[in-house]
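Numbering (this note's numbering), first residue to last: 1 to 255.
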Amino acid sequence: MKTTSGQKIKIGLFTFVGLLVLVLAIFFIGNQKNLFSSTFNVYGTFKNVNGLQVGNNVRFAGINVGVVQAINIETDSSVRVDLTLNNNVKKFIKKDAKLSIGSDGLMGDKLIVIAPGGIASNEEIQGGGQLNAVNPMDVDKVIAKLTGIADNAERITKGLSQMVDKVNSGKGTLGRLLNDDQIANNLDATVKQARSTIKNVHATSATLNTDLKAAQNNFLLRGYFNKQKKKQQKDSIKKAQAAASGDQKQQPKQK
């Protein structure tokens, strides 16, 4: 069966489009994996990579600058993560830069985040160098703590609810005070009686002051009060003289 020229054209176009798609796919994947740009490698060690995978992005200043090249377990508490980074960011990453594991959104893929450093050292990182790593938070421990806090909050809420129910039902001292009208009336009467007693005390004090002034003006008692007044004056003069003599004795010692 002979192929017509139209069929040949269709086959040629199909082949061309397929090759074009293949080239674009290779270019896109290579660009994502930094296959066509100058790169350098660094690494860091973590206790837990928290789901990080080979091929995940490396982000610096919010920009994807490389990929995770390899993940290898070195010891039971150490995991080495090798990174391939674009060479144009090398001058911005110092030896004291730090690696941490983040995520691309709440449910996104894990990625490596590079903090630039430059505080302890201004020397840029060299290819094959090691960067300090910040270990990710243990999610299981955080969830366990949050669960404990939630349980405590639930117990406290139940306790408060029971207390309020007892108060509303008139149980306990506070409940009886708030719900029993007789106790409230007795308390009100007690307060009124206390106020009346205080008024009587004030009135009695005023009467005593008046009687005392009258006694001082009384002819028979005036001599007694005058003697008491003179005695108080003499005592004050003696105290002042004693204080003055004490100061004079201390002055020669100070010299």
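Glycine included, every Cβ here is placed at the ideal spot set by N, Cα and C. Bear in mind that the values here come from a model prediction, so they are computed numbers and not experimental data.
Residue of the options minimising C-alpha distance to residue i
i	options	result
Q130	L160, K158 and A97	A97
Q53	D151, F40 and L83	L83
G44	A150, G6, R80 and S161	R80
T75	V191, N48 and V42	N48
K269	I101, E123, S77 and S103	Residue 269 is absent from the model: the chain starts at 1 and stops at 255.
V65	L13, F40, S77 and Q241	F40
Classification of residue i by the beta-carbon crowding that lies within 10 angstroms, buried from 16 upward
i	result
N56	buried
A133	buried
Q193	exposed
F60	buried
F46	buried
L85	buried
G117	buried
I114	buried
L327	Residue 327 lies beyond the range of the chain shown here (1 to 255); nothing can be said about it.
Q232	exposed
C-alpha distance - residue i paired with residue j, whole-angstrom precision
i	j	result
G105	I112	13 Å
K234	S205	30 Å
S236	K227	14 Å
I156	G127	57 Å
N152	A144	12 Å
K255	K239	Reliability fails at K255, whose pLDDT of 44 lies under 50, so the model's placement of it is uncertain and no value is given.
L208	I198	15 Å
S245	K229	25 Å
I71	V17	37 Å
G108	S121	33 Å
I149	K166	26 Å
Q162	P136	42 Å
L22	V67	22 Å
N186	S169	20 Å
N87	G12	40 Å
L24	F14	15 Å
Cβ-heavy atom distance, residue i to the ligand ATP, below 8 Å
i	result
K145	In terms of ligand content, the structure shown is empty, and the ligand ATP therefore cannot be addressed.
Any chain D beta carbon closer than 9 Å to residue i
i	result
M163	Absence of chain D from the displayed structure is noted, only one protein chain being present.
Counterpart residues of residue i in DSSP-defined beta bridges
i	result
L208	Bridge partners of L208: none, in fact.
L111	G102
E123	Its beta-bridge partners do not exist; DSSP assigns none.
(Q) What ranges does the beta strand (DSSP E) occupy inside the region 127-163, keeping only unbroken runs of at least 3 residues that lie completely in it? (A) 132-134
Q: Report the residue ranges of all alpha helix (DSSP H) runs contained in full by the region 17-99; include only those spanning at least 4 residues, in chain order.
A: none
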